[in-house]
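This report refers to the structure that appears directly beneath it.
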Amino acid sequence: MIKWAGWTLTLLGAGHLVLGFALVAPAHAAAWAGGDLWLPGGTITDMPAAAGGFWLTIGSFGVPLLLLGLTVLWLDRRGVTPPMFVAWGIGAWSVVAGLIFEPAPWIVVTLGAVLLGAGVRRAYSATVVNSDSQGGPHV
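The sequence shown lines up with residues 649 to 787 when you count with this note's numbering.
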């Protein structure tokens, strides 16, 4: 389950970046490269389209989610169980964000968090069963 969670988070992060870049980068790349976002006019509530494109791509959750998914996969390949707080944190974030902003694929992030939590719980249960003679788990 940990592997499925890692792939879910990795693919969602990568997909968000690829789709975001495909949709908005052609129209806004010149503004980004030209420094238009450094001191944009107006306020944060009057966001220019180039700034919105930035927050949909490079500034989005896509990069951290991709890195988190790859980290979960990296840990799983080495037999290291990720901490449960990662699943809880990602799950809470995705539920709150999904309640505020739909339609969006927050349910997929929630699914990844549930898979990760179930996998971590399963791995922790296995370490308790396979504990050493001193009563400590093999972590």
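Note that the Cβ used here is the ideal one computed from N, Cα and C, for glycine as well.
### Task
Rank GLY663, THR656, ALA677 and TRP736 by C-alpha distance to the C-alpha of ARG769 and give the top, closest one.
As a working note, residue 769 is residue 121 in the sequence shown. Nearest option by C-alpha distance: TRP736.
### Message
Using 8 angstroms for Cβ pairs, my map puts LEU657 next to GLY760. What's the rounded Cβ distance?
### Response
Mapped onto the sequence shown, residue 657 falls at position 9. Mapped onto the sequence shown, residue 760 falls at position 112. So it is a contact: roughly 5 angstroms between Cβ atoms.
### Query
How long is the line joining the alpha carbons of LEU715 and LEU687, rounded to whole angstroms?
Locating residue 715 in the sequence shown gives position 67, counting from the first residue. Locating residue 687 in the sequence shown gives position 39, counting from the first residue. If you take the alpha carbons of LEU715 and LEU687, they lie about 29 angstroms apart.
#### Entry: Length of the line joining the Cα atoms of TRP747 and VAL757
The residue given as residue 747 occupies position 99 in the sequence shown. The residue given as residue 757 occupies position 109 in the sequence shown. Looking at the sequence itself, residue 747 is Leu, so the reference to Trp does not match. If I take the Cα positions, the gap works out to 13 angstroms.
### Message
Rounded to the nearest angstrom, what separates PHE814 and THR775 at their Cα positions?
### Response
In the structure as shown, the chain begins at 649 and stops at 787. Residue 814 is therefore absent and cannot be evaluated.
### Message
Tell me the rounded alpha-carbon separation between VAL728 and LEU764.
### Response
Within the sequence shown, residue 728 is the residue found at index 80, counting from 1. Within the sequence shown, residue 764 is the residue found at index 116, counting from 1. Straight-line Cα distance between these residues: approximately 13 angstroms.
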